[in-house]
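Residue numbers (my numbering): 131 to 577.
The beta-carbon is built from N, C-alpha and C at its ideal position, and this holds for glycine as well.
As structure tokens, the structure follows; a few thoughts come after it.
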Amino acid sequence: MQQKQINELDQPIAAVPFWQAFLFWLKLGFISFGGPAGQIAVMHQELVEQKRWISEKRFLHALNYCMLLPGPEAQQLATYIGWLMHRTTGGLVAGILFVLPSLFILIALSWIYVQFGDVPVIAGLFYGIKPAVTAIVFHATYKIGSRSLKNKFLWFIAVAAFIAIFVFNIPFPLIIFTAAILGYWMSKQQPDLFTHHAHQSNQKNYGVALIDDETPPPAHAVFRWINLAKILTIAALLWFIPILALTLSLGWQHSYTQMAWFFTKAALLTFGGAYAVLPYVYQGAIDHYAWLSPTQMIDGLALGESTPGPLIMVVAFVGFLGAFNASLLGSEHLFLAGAFGAIIVTWFTFLFSFVFILAGAPVIESTHNQLKFTAPLTAITAAVVGVILNLALFFGYHVLWPNGFDQAFNFEAALMIIAALIALFKFQINVIYLIFASALCGLVLYL
131 MQQKQINELD
141 QPIAAVPFWQ
151 AFLFWLKLGF
161 ISFGGPAGQI
171 AVMHQELVEQ
181 KRWISEKRFL
191 HALNYCMLLP
201 GPEAQQLATY
211 IGWLMHRTTG
221 GLVAGILFVL
231 PSLFILIALS
241 WIYVQFGDVP
251 VIAGLFYGIK
261 PAVTAIVFHA
271 TYKIGSRSLK
281 NKFLWFIAVA
291 AFIAIFVFNI
301 PFPLIIFTAA
311 ILGYWMSKQQ
321 PDLFTHHAHQ
331 SNQKNYGVAL
341 IDDETPPPAH
351 AVFRWINLAK
361 ILTIAALLWF
371 IPILALTLSL
381 GWQHSYTQMA
391 WFFTKAALLT
401 FGGAYAVLPY
411 VYQGAIDHYA
421 WLSPTQMIDG
431 LALGESTPGP
441 LIMVVAFVGF
451 LGAFNASLLG
461 SEHLFLAGAF
471 GAIIVTWFTF
481 LFSFVFILAG
491 APVIESTHNQ
501 LKFTAPLTAI
511 TAAVVGVILN
521 LALFFGYHVL
531 WPNGFDQAFN
541 FEAALMIIAA
551 LIALFKFQIN
561 VIYLIFASAL
571 CGLVLYL
């Protein structure tokens, strides 16, 4: 039996048809709960462990690059792998399908919110989902850490990163930059820490992958200046034409135009994910533009946490309510106004994520066996483990002490977190089933 399993692992994986990949990316768009940590864990389980479309080494190499970029790293990772497998079309499909379901869901939930926001049934569902999301992030932290922290040096970086952000509130970009410098320096001192052989004893063997450790980059993944120029030109037009059309038709001061410009800037500042950019969005959307109230912003964050897709998709809620509250298309077209606002915000938030991958990935693919590039990226992954643990604790604090430490401890939420952790660690329950079960449990407890 064991020999049979070993033989199966040694069998090469057949080329994946585009339609098969399309169906997977579509499914991922609907099950990508748990924020970036949970989404990356789901992709690793599906793509590396089960389907073996890409090896763990190549998966982590792509992930490390995405961690360096502003924008949602899980969506960028999906775009990267889709591009690697099926060229630009594959990257666009993977990235768009990662976002599109959550956009439609958030538009629908935003409409329900403005119409029935005080209905106990809706509040009860959210009450149950939050503890489950907290458990998912803790579980994902463990899984990513167990894969990435292969030696004492990487453990040191992870612990130092956690202390830096949790205790001293050091900005995420500075933590990442410091980790990269340390990784580069240590690769000169002890290169064995970053070699494949140094990690083999701790790595699980998932078998031969379609895109394996030593698989050369496909022809479309080879860097060419002409391709870079094409991508940047098309991206510039895709940004400039819509914002020019909004300016000429509505004026620069119109809310739709200001949303486009504001979220262009936000897209370039999202180092560290959604929680790194939320203070900027909060300050602009509430204090400066008054698109929505502080309470509405908090409710929008709960929606973002409880729906599939990138956490930064909370901006779609901001766009919807900003346009809805201002009746930008008149009082008889409130839903259309809100939906258009959500679409505008999503377009300008995610456009640059595709640009960073399609323009930069060919360069990154040429470096996956060069230690001077891989060592800093490996160190970055270790630092991100500490940062994700901080995010998990952030979730836990707001779920267990929703009104602050000086107020009552939520014992019901604590029990739900423990139950969810047992389900994840002991029974390996599917995340989507856990979310639905927790929502029903919250509904029973809340009503």
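Within the same chain, show all residues whose beta-carbon is closer than 6 Å to that of phenylalanine 163, passing over the 5 residues directly before and after it, in chain order.
For the purposes of this step, residue 163 is taken as residue 33 along the sequence shown, with counting starting at 1. Excluding sequence neighbours, phenylalanine 163 sits near Pro438, Val561 and Ile565.
Is DSSP giving isoleucine 274 helix, strand or coil here?
Translated into positions along the sequence shown, residue 274 becomes position 144. Of the three classes helix, strand and coil, the one that applies to isoleucine 274 here is helix, per DSSP.
Leaving out the 5 sequence neighbours to the left and right, which residues in its chain are closer than 8 Å to leucine 539 when beta-carbon positions are compared?
Here residue 539 refers to the residue found at position 409 when the sequence shown is read from its first residue. Checking the sequence, you will find phenylalanine at residue 539 rather than leucine. Correct list, in chain order: Leu530 and Trp531.
Determine whether the beta carbon atoms of alanine 151 and methionine 215 lie at a separation below 8 Å.
Translated into the one-based positions of the sequence shown, residue 151 becomes position 21. Translated into the one-based positions of the sequence shown, residue 215 becomes position 85. Yes, they are a contact pair.
I need the straight-line Cα distance from tyrosine 272 to alanine 204, nearest angstrom please.
Reading the sequence shown from its first residue, position 142 is the one you call residue 272. Reading the sequence shown from its first residue, position 74 is the one you call residue 204. Cα to Cα, the separation comes out at about 17 Å.
DSSP three-state call for phenylalanine 184: helix, strand or coil?
Counting from 1 along the sequence shown, the entry for residue 184 is found at position 54. Residue 184 is actually isoleucine in this sequence, not phenylalanine. Here isoleucine 184 sits in strand by DSSP.
Can you grab the Cα-Cα spacing for the pair phenylalanine 255 / serine 568, in whole Å?
By one-based count along the sequence shown, residue 255 stands at place 125. By one-based count along the sequence shown, residue 568 stands at place 438. It is worth fixing the name first, because residue 255 is leucine in this sequence and not phenylalanine. Taking the straight line joining both Cα atoms gives about 8 Å.
Please list the terminal residues of the continuous alpha helix (DSSP H) segment that includes histidine 463.
Locating residue 463 in the sequence shown gives position 333, counting from the first residue. Per DSSP, histidine 463 belongs to no alpha helix (DSSP H) and is neither H nor E.
By DSSP's criteria, isoleucine 341 is part of a beta bridge. Which residues make up the other side?
The residue labelled residue 341 in the question sits at position 211 within the sequence shown. Per DSSP, Ile184.
My understanding is that isoleucine 305 touches leucine 488, with C-beta atoms under 8 Å, so please give their C-beta distance in whole angstroms.
Residue 305 sits at position 175 when you count from the first residue of the sequence shown. Residue 488 sits at position 358 when you count from the first residue of the sequence shown. Not confirmed; about 27 Å, so no contact.
Rounded to whole angstroms, how far is the Cβ of alanine 505 from the Cβ of methionine 316, which I believe are closer than 8 Å?
Sequence index remark: in the sequence shown, residue 505 carries index 375 (1-based). Sequence index remark: in the sequence shown, residue 316 carries index 186 (1-based). With 8 Å as the limit, alanine 505 and methionine 316 qualify as a contact, their Cβ atoms being about 7 Å apart.
Does the count of Cβ pairs from the stretch 336-344 and the stretch 515-530 closer than 8 Å reach three?
Not touching, per the Cβ criterion.
Got a sec: does the ligand FAD put a non-hydrogen atom nearer than 7 Å to the Cβ of proline 200?
Judged by which ligands are present, the structure shown has none, so any question about the ligand FAD falls away.
What is the DSSP secondary structure of arginine 354, reduced to helix, strand or coil?
Counted from its first residue, the sequence shown places residue 354 at position 224. In the structure shown, arginine 354 sits in coil (DSSP, three-state: anything other than H, G, I, E or B).
Does the pairing of the stretch 274-284 with the stretch 471-481 give three or more beta-carbon distances under 8 Å?
The stretch 274-284 is not in contact with the stretch 471-481.
Which residue marks the beginning of the alpha helix (DSSP H) containing serine 240, and which one marks its end?
In the sequence shown, the residue the question calls residue 240 occupies position 110. Serine 240 -> alpha helix (DSSP H) spans 203-246.
Just reading off the alpha helix (DSSP H) that methionine 443 is part of, what are its end residues?
As a working note, residue 443 is residue 313 in the sequence shown. Methionine 443 -> no alpha helix (DSSP H), and no H or E assigned at all.
Are the stretch 464-474 and the stretch 187-197 touching, with three or more C-beta to C-beta distances below 8 Å?
Contact between the stretch 464-474 and the stretch 187-197 is absent, because fewer than three Cβ pairs lie under 8 Å.
Are serine 385 and leucine 458 close, meaning C-beta to C-beta below 8 Å?
Reading the sequence shown from its first residue, position 255 is the one you call residue 385. Reading the sequence shown from its first residue, position 328 is the one you call residue 458. Cβ distance < 8 Å, so serine 385 and leucine 458 count as in contact.
Whole angstroms are fine: how far does the CA of tyrosine 210 sit from the CA of tryptophan 183?
For the purposes of this step, residue 183 is taken as residue 53 along the sequence shown, with counting starting at 1. For the purposes of this step, residue 210 is taken as residue 80 along the sequence shown, with counting starting at 1. Rounded to the nearest angstrom, the two C-alpha atoms are 13 Å apart.
DSSP on glutamine 175, reduced to helix/strand/coil?
Position 45 of the sequence shown, counted from the first residue, corresponds to residue 175. Helix at glutamine 175.
Quick one: what does DSSP say aspartate 536 is sitting in, helix, strand or coil?
Your numbering for residue 536 matches position 406 in the sequence shown. DSSP places aspartate 536 in coil when its eight states are reduced to three.
Specify the secondary structure class of glutamine 478 as computed by DSSP and reduced to three states.
Taking the sequence shown and counting its residues from 1, one reaches residue 478 at position 348. For the sequence presented, residue 478 should be read as phenylalanine rather than glutamine. Note: phenylalanine 478 maps to helix in three-state DSSP.
Just to confirm before moving on: does the CB-CB distance between phenylalanine 486 and glycine 201 stay below 8 Å?
Along the sequence shown, read from residue 1 onward, the residue named residue 486 stands at position 356. Along the sequence shown, read from residue 1 onward, the residue named residue 201 stands at position 71. Their beta carbons are under 8 Å apart, which means phenylalanine 486 touches glycine 201 by this criterion.
How would you label serine 379, buried or exposed, when you count the other beta carbons within 10 angstroms and need 16 or more for buried?
The count along the sequence shown starts at 1 and reaches residue 379 at position 249. That one is exposed.
What do you get for leucine 312, buried or exposed, if any count of 16 or more other CB atoms within 10 angstroms of its CB means buried?
Mapped onto the sequence shown, residue 312 falls at position 182. Classification of leucine 312: buried, given that the 10 Å Cβ count is 16 or more.
Taking the CB atoms as reference points, tell me whether alanine 625 and leucine 158 lie closer together than 8 Å.
Residue coverage of the chain in this structure runs from 131 to 577, which leaves residue 625 outside it and unanswerable.
Please report how far the alpha carbon of lysine 395 lies from the alpha carbon of valine 574, in whole angstroms.
Walking along the sequence shown from the start, residue 395 turns up at place 265. Walking along the sequence shown from the start, residue 574 turns up at place 444. So the two alpha carbons sit approximately 42 Å from each other.
So what's asparagine 560 in DSSP terms, helix, strand or just coil?
As a position in the sequence shown, residue 560 is number 430, starting the count at 1. Coil, per DSSP.
Using the rule of at least 16 other Cβ atoms within 10 Å of the residue's Cβ for burial, across every protein chain shown, is proline 147 buried or exposed?
In the sequence shown, residue 147 corresponds to position 17, counting from 1. It counts as exposed.
Distance, Cα to Cα, alanine 310 vs isoleucine 300?
On the sequence shown, residue 310 is found 180 positions in, with the first residue counted as 1. On the sequence shown, residue 300 is found 170 positions in, with the first residue counted as 1. Looking at the two C-alpha atoms, the distance is approximately 16 Å.
Is methionine 389 closer than 8 Å to glycine 430 when the C-beta atoms are compared?
Here the question's residue 430 lines up with position 300 in the sequence shown. Here the question's residue 389 lines up with position 259 in the sequence shown. Not closer than 8 Å, so no.
Do you know offhand how far glutamine 320's Cα is from tryptophan 391's?
Working through the sequence shown from its first residue, we reach residue 320 at position 190. Working through the sequence shown from its first residue, we reach residue 391 at position 261. Cα to Cα, the separation comes out at about 46 Å.
Going by beta carbon distance, what residues of the same chain come within less than 6 Å of threonine 264, once the five residues before and after it are set aside?
In the sequence shown, counting from the first residue as 1, residue 264 sits at position 134. Cβ neighbours of threonine 264 beyond the five flanking positions: Phe525, Gly526, Val529 and Ile547.
With a cut-off of 8 Å on the beta carbons, I'd call phenylalanine 482 and alanine 397 a contact; round off their distance for me.
For this step, residue 482 is matched to residue 352 along the sequence shown. For this step, residue 397 is matched to residue 267 along the sequence shown. At roughly 5 Å, the Cβ-Cβ gap stays under 8 Å, so phenylalanine 482 and alanine 397 are in contact.
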